[in-house]
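If you count the sequence shown from 1, you need to add 30 to reach the numbering used here.
By construction, the Cβ of each residue, glycine as well, lies at the ideal position given by its N, Cα and C atoms.
In what follows, a structure is listed as structure tokens, so that the remarks can point back to it.
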Amino acid sequence: MKIIKNYLYNSSYQLFLIILPIITLPYLSRILGPTYMGINSYTYSIINYFILIAVLGTTTYGQREIAYLKNDWFKISHLFWEIEILNVITTVISYAILSIVIISSGKYQIFLWAYSISVIANVFDVSWLFMGLENFSALALRNFFVKIISVIMIFTFVKNENDLFIYILINSLSILVSNLLLWPYVKKWKIFIGIKDFKRLHPFSHLKGTVALFIPQISITLYTVLDKVLLGYMGDIKGASYFDNSDKIVRLTFTLLTSASTVLMPMIATEISKRNLKKMNGVLKKSLSFSLCISIALFAGIIGVSDKFVPLFLGSQFDEVKIILKLQAFILIPMSIANVVGNQYLIPSRKSKQLNVSIISGSILNVIVSIPLISMDGAFGASISAMLSESVVTITQLWQVRKSLTFKGINSDIAKYLIAAIIMFLFLYFEQMFIPGWISIIIGVLLGSVIYFSILIILKATIVDFAYRILINKLKS
Numbered sequence: 031m032k033i034i035k036n037y038l039y040n041s042s043y044q045l046f047l048i049i050l051p052i053i054t055l056p057y058l059s060r061i062l063g064p065t066y067m068g069i070n071s072y073t074y075s076i077i078n079y080f081i082l083i084a085v086l087g088t089t090t091y092g093q094r095e096i097a098y099l100k101n102d103w104f105k106i107s108h109l110f111w112e113i114e115i116l117n118v119i120t121t122v123i124s125y126a127i128l129s130i131v132i133i134s135s136g137k138y139q140i141f142l143w144a145y146s147i148s149v150i151a152n153v154f155d156v157s158w159l160f161m162g163l164e165n166f167s168a169l170a171l172r173n174f175f176v177k178i179i180s181v182i183m184i185f186t187f188v189k190n191e192n193d194l195f196i197y198i199l200i201n202s203l204s205i206l207v208s209n210l211l212l213w214p215y216v217k218k219w220k221i222f223i224g225i226k227d228f229k230r231l232h233p234f235s236h237l238k239g240t241v242a243l244f245i246p247q248i249s250i251t252l253y254t255v256l257d258k259v260l261l262g263y264m265g266d267i268k269g270a271s272y273f274d275n276s277d278k279i280v281r282l283t284f285t286l287l288t289s290a291s292t293v294l295m296p297m298i299a300t301e302i303s304k305r306n307l308k309k310m311n312g313v314l315k316k317s318l319s320f321s322l323c324i325s326i327a328l329f330a331g332i333i334g335v336s337d338k339f340v341p342l343f344l345g346s347q348f349d350e351v352k353i354i355l356k357l358q359a360f361i362l363i364p365m366s367i368a369n370v371v372g373n374q375y376l377i378p379s380r381k382s383k384q385l386n387v388s389i390i391s392g393s394i395l396n397v398i399v400s401i402p403l404i405s406m407d408g409a410f411g412a413s414i415s416a417m418l419s420e421s422v423v424t425i426t427q428l429w430q431v432r433k434s435l436t437f438k439g440i441n442s443d444i445a446k447y448l449i450a451a452i453i454m455f456l457f458l459y460f461e462q463m464f465i466p467g468w469i470s471i472i473i474g475v476l477l478g479s480v481i482y483f484s485i486l487i488i489l490k491a492t493i494v495d496f497a498y499r500i501l502i503n504k505l506k507s
């Protein structure tokens, strides 16, 4: 029941994160336009690297280690402050380096300074404590509150392209406030230690563990953000905007799948500590089947409606996003697999080496292919680079876990998902030709979903039976 409750909390917030850009992105794309949205994408992409350096893997590491300790509050208090002290040190170092970069940079300094508040905010980010303790309700409620306030401020104060600085400031300050709101809970739980105990803390004892997780995170950021940085650096600011908006749409649809990963990771870590590997494998198999079911449907749905959706959603200035979005939609499939194998198995199993190898492989490929592809085809080339990188990461992970995990029977399910997706796509393709405007999108999404899942029921896909049993058990309880 706790897993379902946490999933609902996390899913409700992730759904909220999907709804918010549906409200704000059409407004911002029309107010700021491709050029200023490109500047925003370029500057935030640079800041992203320094946020990762500040975090240094402490979020994932902290969540995992807290989950292992469970209700031993004495050990939790010591662990919390050791990780938090390390977090402060890495943030100070990161911000110092960032300051040098901003001062020496020739362009967009004022926007970079505004975004630098996001780096400072990391000092106060203790969300990993809540995730490790599986207290997702506090995180969800905090995030709901801050996001709603920030959206109201965006619509109130961002009125034209000259308000880009205000928009960035709102985003940065909302992150800072959001992190500060978690500290009253820390006080309530009495996660404090005496001065004598403070002297016995060893924050650097966690450095090896955090760096091991930092390497894949910085590698992921390298190949997910590098394309935007290169587009901006090469002078294609509009291209950075086209690629970024397409990337946002794809990754927003992916958030419900990552919600399952965040909730399942502490539970899988617990099963591993109990050496209950059979149960863990069963959970992972169901999770992978669910992820593929949704990601394949999303892929078919996006390419089916993108031609009509893009101009309606972003405006006519973003017409080039149509083809880019179709290409990027493919990455949902390898991302869904890597989310299960990497985040739900390799991290809780402390197999950081295997995770690092897969992600570094994707990063190396991205660095090699991005520069020539972007120089030749701009945002289109960046999309191809992203597809190749995500695929390499996933293939490498599957190869590494081939002996430790078994997904017997899942190929049959994948075939059923593909059949359902093809039929749904054909429906969307013809439906878009005859029905105009937003009505076409709404009907397409609703009827397309019904068609997809109806075919899965007819084909007797395993995931349908699994979902049915969960629903029955829920109703009985």
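Within 9 Å, strictly: CB atoms of residue i and residue j
i: N190; j: I53; result: no
i: L477; j: E461; result: yes
i: M417; j: G334; result: no
i: I70; j: L194; result: It is Asn, not Ile, that sits at residue 70 in the sequence shown. Contact flag set, yes.
i: G68; j: D266; result: yes
i: A97; j: V149; result: no
i: I372; j: S391; result: In the sequence on display, residue 372 carries Gly and not Ile. Contact flag unset, no.
i: K338; j: S470; result: yes
i: I223; j: L231; result: yes
i: S336; j: A368; result: no
i: Y43; j: L212; result: no
i: G239; j: G408; result: no
i: W103; j: F228; result: no
i: S124; j: I81; result: yes
i: Y263; j: Y72; result: yes
i: F329; j: I377; result: no
i: I76; j: P233; result: no
i: K177; j: L47; result: yes
i: C323; j: A491; result: yes
i: L237; j: I404; result: no
Residue i, enclosing alpha helix (DSSP H) - first and last residue
i: E461; result: I440 to F464
i: R281; result: I267 to T283
i: T426; result: S382 to Q430
i: A359; result: V351 to A359
i: I119; result: W103 to S134
i: T436; result: No alpha helix (DSSP H) contains T436, which DSSP labels as neither H nor E.
i: G345; result: First-last for G345: undefined, no H or E at that position.
i: D257; result: L237 to Y263
i: K218; result: W213 to K218
i: D202; result: According to the sequence displayed, residue 202 carries Ser and not Asp. From DSSP, the alpha helix (DSSP H) with S202 extends over L194 to L210.
i: I221; result: Unbroken run through I221: none, as it is neither H nor E.
i: Y482; result: G467 to I488
i: S366; result: L362 to A368
Residue i beta carbon near the ligand COA (any heavy atom closer than 8 Å)
i: P246; result: The ligand COA is not part of this structure, which contains no ligands at all.
Fully enclosed by the stretch 139-184, which alpha helix (DSSP H) runs are 4 residues long or longer? 139-145, 147-151 and 157-162
Report yes or no: do three or more beta-carbon pairs, one from the stretch 116-131 and one from the stretch 177-186, lie closer than 8 Å? no
Are three or more beta carbon pairs between the stretch 237-247 and the stretch 319-332 nearer than 8 Å? no
Under 8 Å: do the stretch 422-434 and the stretch 391-407 share three or more Cβ pairs, one atom per stretch? yes
Take every Cβ of the stretch 343-358, pair it with every Cβ of the stretch 376-388, and state whether three or more of those distances are shorter than 8 Å. Too few Cβ pairs lie closer than 8 Å, so no.
Can you confirm whether the stretch 276-287 touches the stretch 436-450 when touching is taken to mean that 3 or more C-beta pairs between the two stretches lie within less than 8 Å? no
Which parts of the stretch 62-101 are runs of the beta strand (DSSP E), unbroken and 3 residues or longer, counting only runs that do not cross its ends? none
Report yes or no: do the stretch 137-149 and the stretch 162-169 share at least 3 C-beta pairs separated by less than 8 Å? no
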